[in-house]
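Contents: one structure, followed by commentary.
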Amino acid sequence: MKTFSLPRIVFVVFCALVLLYLILPVLIIVPMSFSSTRFLTFPPPSLSLRWYEEYIGNAAWMQATRVTFAVAALTVLIATPLGVAAAYAISNSKMRLMRIVHMMLMLPLVVPIIITAVGIFFVYAKVGLVATMSGLVLANVMLGLPYVITSVVAGLQSFDPAQEMVARSLGMNRLRSFFAVTLPQIKASVLTGAIFAFISAMDETVVGLFISGGQYQPLTKRMFTALRDEIDPTIAAISTLMTAASFLLVLIASTRQKKSG
Amino acid sequence: MLALASPALLVILLLIVLPVGWLAWQSIYHDGFTLENYRRIFSEAIYWRSFSLTFQISLLVTVLALLLGYPIAYAASVVPKGWSVLILALVILPFWTSVLVRAYAWLALLQRTGVVNQFLQYLGIIDEPLALVHNTFGTVVATVHILLPFMVLPLYATMQKIPHDLMQAGASLGGSPSHNFWRIFLPLSLPGVLAGTTLVFVLCLGFYITPELLGGGRTVMVSLLVSRNVELYDQWGAASAVGVVLLVSVLVIFLIVGRFIPLDRILGQK
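If you read the protein sequences in the order shown, they are chains F and U. Quick note on numbering: this note's numbering labels position 134 of the first sequence as 136, and the sequence is numbered without any gaps. Quick note on numbering: this note's numbering labels position 142 of the second sequence as 292, and the sequence is numbered without any gaps.
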């Protein structure tokens, strides 16, 4: 970092441009959402809350928002305990079989989402789960599990299992020693996993496109359908709110992570 | 211990193993065994074109992501801590923005009356708005944007572990900075390159949202072929067969790459 040679300047400018390319599209939706005109002009001619009012005043958008939050909350409530239990089993077992189990639990990350979506649609069509709330929640639990498991397995790696042994040797049973000794020490990683499962459910689009319908359509499905037809600035308002929600959650997760070291 | 993992395992079995298995079954069974669906994939031009287009776009996106991502990851690994936190934050923030939101942003940026066209016209560089979206160009621009963090993060994870002493040792032995980069840094960063390129390529193969929204009906990638066969033509067998070929391609790539670097290192980034 001492000389300002030409290659170094080119390198710095190049990096700055790439970072701009990364961040600009994420930021551009904010001024768009506050624009007073339907057509996108930049900078917006005047500011207004028109598109936010349109969003809040629209019964279909509001219903979709309720569905999204209900699905994401239920997904976290189910995926977190299942994921923590599985992560605990993976970390504490030396069985070869467990490695295969671990790999299988990561399958949602390996299989292209379009294949998962169509496959679930076929199965749901047979058992009557298409366009139901439970169908949507179940699919999102499956998609969220790898996030919880990855985070908690990492958390358990830095936890000394001998502590739990001590608790058990003092007469606690396995379950109590887990809740009293282990869980408090891995709670940051559990929270991180839960938050990522929530964001994953909130942002999930492709599976929802195939299996949701009627009154149980999440926000992303309504947005996707609206985008195929025309560019409605209401979507900019919704996008801004969704992005703000994601960033807030990631911020909580990362500060928690730091606190626990 | 297995009992503890079984509820999660049950969810996975019922909601991904069974559905994908069913899909595979449907691709070869329709009132009796048939390979008709596969024969069509390998003989009809529309399928061939779609597969070849998908591989070409994935390759292009991977190369572009590497060219844009490598310098960023390198910068993040050599600058002082405060700067590297800033760089990584700028990479991770888009990562946690919904793919749909980012596709929408690109649609707004690149359309005929969009910000980019308006800006270029304002500068007087063009007279007529350029067709930047509803084609392969728009799809590639947005897909690279969405997948770039998947390239930068594994690259950074590898580069961060390369000891600075090695470069200093190279310099003290008389190597020029560029010599040291090509002979020391680059070879040591190759595992990250392999992890990042694999992840981006494989994710791109199955990408659905950007080609659907920004491709304008012309960029029929494999995922669109699957969805159209289901939604428009009700051809579940054909959709399944295309899905199986896509899935096998992805698994083969993971298996080959898995021989060189552990798979959880690739998937850990997701």
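Each residue gets a CB set at the ideal place from its N, CA and C atoms; glycine is no exception.
Along chain U, which residues have their Cβ under 7 Å away from the Cβ of residue i?
{"i": "ASN16(F)", "result": "Note that residue 16(F) corresponds to Phe in the displayed sequence, not to Asn. Simply PRO221."}
{"i": "ALA141(F)", "result": "LEU165"}
Rounded to whole angstroms, what is the Cα-Cα separation between residue i and residue j?
{"i": "VAL350(U)", "j": "SER208(U)", "result": "8 Å"}
{"i": "GLN135(U)", "j": "VAL211(U)", "result": "Past the edges of chain U, shown from 151 to 420, lies residue 135(U), and the structure says nothing about it."}
{"i": "GLU362(U)", "j": "VAL294(U)", "result": "15 Å"}
{"i": "PRO9(F)", "j": "ILE92(F)", "result": "49 Å"}
{"i": "CYS354(U)", "j": "LEU154(U)", "result": "35 Å"}
{"i": "PRO169(U)", "j": "MET135(F)", "result": "19 Å"}
{"i": "ALA18(F)", "j": "MET100(F)", "result": "45 Å"}
{"i": "ARG252(U)", "j": "PHE16(F)", "result": "22 Å"}
{"i": "THR184(U)", "j": "VAL129(F)", "result": "25 Å"}
{"i": "GLY342(U)", "j": "GLY59(F)", "result": "48 Å"}
{"i": "PRO114(F)", "j": "SER322(U)", "result": "48 Å"}
{"i": "VAL265(U)", "j": "TYR57(F)", "result": "23 Å"}
{"i": "ASP234(F)", "j": "GLU55(F)", "result": "13 Å"}
{"i": "GLY219(U)", "j": "PHE287(U)", "result": "19 Å"}
{"i": "LEU49(F)", "j": "PHE36(F)", "result": "5 Å"}
{"i": "GLY137(F)", "j": "ALA119(F)", "result": "12 Å"}
{"i": "MET64(F)", "j": "PHE245(U)", "result": "26 Å"}
{"i": "LYS420(U)", "j": "VAL154(F)", "result": "Any reading at LYS420(U) is ruled out, since the residue's pLDDT is 49, under 50, leaving its predicted position unreliable."}
Along chain F, in chain order, which residues have C-beta atoms closer than 7 Å to that of residue i?
{"i": "TRP332(U)", "result": "Here the premise fails: no neighbours, minimum Cβ distance about 14 Å."}
{"i": "PRO361(U)", "result": "Residues of chain F passing the Cβ test: none, with the nearest at roughly 10 Å."}
{"i": "TRP172(U)", "result": "GLY121, PHE124 and VAL125"}
Determine the chain F residues that contact residue i at a beta-carbon separation under 9 Å, and present them in chain order.
{"i": "PHE410(U)", "result": "None at all; the shortest Cβ gap to chain F is about 17 Å."}
{"i": "PHE404(U)", "result": "VAL112"}
{"i": "GLN176(U)", "result": "PHE124"}
{"i": "ILE196(U)", "result": "Those do not exist, as ILE196(U) stays about 17 Å from chain F at its closest Cβ, beyond 9 Å."}
Skipping 5 residues on each side, what residues in its chain have a beta carbon closer than 6 Å to that of residue i?
{"i": "GLY263(F)", "result": "Its pLDDT being 41, under 50, GLY263(F) is placed unreliably by the model, and nothing is read from it."}
{"i": "SER390(U)", "result": "LEU173, GLN176 and SER177"}
{"i": "VAL78(F)", "result": "ALA196, ALA199 and PHE200"}
{"i": "MET3(F)", "result": "Only weak support exists for where MET3(F) lies, its pLDDT of 48 falling under 50; the coordinates are left without a value."}
{"i": "HIS284(U)", "result": "GLY366"}
{"i": "SER7(F)", "result": "none"}
CB-CB under 7 Å to residue i, same chain, minus the five flanking residues each way: which ones, in chain order?
{"i": "ALA133(F)", "result": "SER214, GLY215, GLY216 and TYR218"}
{"i": "HIS180(U)", "result": "GLY387"}
{"i": "ALA226(U)", "result": "SER234, ILE237, LEU238 and TYR306"}
{"i": "LEU396(U)", "result": "LEU355, GLY356 and VAL372"}
{"i": "SER200(U)", "result": "VAL370, MET371, VAL372 and LEU375"}
{"i": "PHE161(F)", "result": "THR184, GLN187 and ILE188"}
{"i": "ALA169(F)", "result": "SER179, ALA182 and VAL183"}
{"i": "ALA74(F)", "result": "PHE200, ALA203 and MET204"}
By the criterion of Cβ-Cβ separation under 8 Å, what are the contact partners of residue i in chain U?
{"i": "SER160(F)", "result": "Here the premise fails: no neighbours, minimum Cβ distance about 15 Å."}
{"i": "GLY85(F)", "result": "ALA158"}
Can you find the residues in the same chain that come closer than 8 Å, C-beta to C-beta, to residue i, ignoring five residues on each side of it along the sequence?
{"i": "ILE237(F)", "result": "MET225, ALA228 and LEU229"}
{"i": "MET66(F)", "result": "The amino acid occupying residue 66(F) in the given sequence is Ala; Met does not appear at that position. For ALA66(F), where only same-chain residues beyond five positions count, the Cβ hits under 8 Å are GLN219, PRO220, LEU221, LYS223 and ARG224."}
{"i": "LEU147(F)", "result": "ALA81, LEU84, GLY85, ALA88, LEU107, PRO110 and ALA199"}
Given that residue i touches chain F, what residues does it touch there, using C-beta distances under 8 Å?
{"i": "ALA388(U)", "result": "The premise fails here: ALA388(U) is roughly 11 Å from chain F at the closest Cβ pair, so nothing lies under 8 Å."}
Starting from the beta carbon of residue i, find every residue of chain U whose beta carbon is closer than 9 Å, and list them in chain order.
{"i": "TYR90(F)", "result": "MET151, LEU154 and ALA155"}
Measure from the C-beta of residue i to each C-beta in chain B and report whether the shortest distance is under 7 Å.
{"i": "ILE191(U)", "result": "Annotation note: the requested chain B is absent from the structure, which comprises protein chains F and U."}
- Query: Taking a cut of 8 Å between CB atoms, which residues from the region 213–241 of chain F lie near chain U?
  - Reply: THR222, MET225, PHE226, LEU229, ARG230, ILE233, ILE237, ALA238 and SER241
- Query: What residues in the region 232–252 of chain U bring their beta carbon closer than 8 Å to a beta carbon of chain F?
  - Reply: ILE237, LEU240, VAL241, ILE242, LEU243, PRO244, TRP246, THR247, SER248, VAL249, LEU250, VAL251 and ARG252
- Count the CB pairs spanning the region 207–216 of chain F and the region 118–125 of chain F that are closer than 8 Å, and state whether there are at least three. yes
- What residues in the region 274–308 of chain U have a beta carbon less than 7 Å from any beta carbon of chain F? HIS295 and LEU298
- Going along the chain, which residues of the region 22–35 of chain F sit with their C-beta nearer than 7 Å to a C-beta in chain U? TYR23, LEU24, ILE25, PRO27, VAL28, ILE30, ILE31 and MET34
- Message: Is it the case that the region 330–337 of chain U contacts the region 271–280 of chain U, given that we only count it when at least three CB pairs across the two stretches are under 8 Å?
- Response: no
- Count the CB pairs spanning the region 192–201 of chain F and the region 99–113 of chain F that are closer than 8 Å, and state whether there are at least three. no
- Could you run through the region 364–376 of chain U and flag, in chain order, every residue whose CB is less than 7 Å away from some CB of chain F? SER373 and VAL376
- Contact list for the region 331–358 of chain U against chain F, Cβ threshold 9 Å: VAL352, LEU353, LEU355, GLY356, PHE357 and TYR358
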